[in-house]
Structures are given as C-alpha cells and as structure tokens.
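First up is the structure itself, then whatever we jot down about it.
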Amino acid sequence: MFEVYAIKSSSRNYLYIGITSNFERRFKQHNEGQNRTTKPYAPFILVLKEIFPDRINAREREKYLKSGIGREYLRSLIN
C-alpha cells in the first residue's frame, strides 16, 4: 500500500506533496526537520492523504496533485 499526501506549513505559505509506504514515519520526519527540502517550513498540518494499492497508481495521483489543476484542488481544501 502506498499513500499520497499533501501537507501545509503552519508557519509559512508552503505546500508539499509526496508519496510513501509509511505515512506516520514520513510525517514525523517532516515535522522534526529530517528532510532537507521541508526543514525550513516545519511544522506541518495534513491537508490530504489517499491510499493506493500500488506505487504506479499512487505516482499518477501524485503527479496530478503537483500539476496546476491539482494544486488548485488542494488550495480549495485549505480555504
């Protein structure tokens, strides 16, 4: 099982979209500053999490969410 997730920085205007097989571990890494890309933006709140049976489908959804229309969709969830 793979999870596609979107997290938003609590302190700055930053949205991160990722894919993982262990969301709890990955979310903890983001909030503890263990990821170089997201470290300056911690702490985070969860915006979206979706579960997929395989990596291929999860990757397709991640690509969509990273597109312009996908980001618009995520922004609509936040506001």
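So the sequence shown is numbered by the working numbering: it starts at 284 and just counts up by one.
Virtual Cβ for every residue (Gly too), placed ideally from N, Cα, C.
* **Outcome for residue 300 when other beta-carbon atoms lying within 10 angstroms are tallied against a minimum of 16** => With 16 or more neighbouring CB atoms inside 10 Å of its own CB, residue 300 falls in the buried class.
* Euclidean distance between Cα positions of residue 342 and residue 288 -> Between residue 342 and residue 288, the C-alpha separation is close to 11 Å.
* Can you give the Cα-Cα distance for residue 285 and residue 307, rounded to whole angstroms? -> 12 Å
* Asked: Less than 9 Å separating the beta-carbons of residue 323 and residue 295?
  -> yes
* Measure how close the beta-carbons of residue 303 and residue 313 come, nearest whole angstrom, since I'm counting them as under 8 Å. => Going by Cβ atoms, the distance from residue 303 to residue 313 rounds to 10 Å, so no, they are not a contact pair.
* Grouping DSSP H, G and I as helix and E and B as strand, with all else coil, what is residue 304? -> coil
* Asked: Exposed or buried, which one is residue 345 when buried takes at least 16 other CB atoms within 10 Å?
  -> buried
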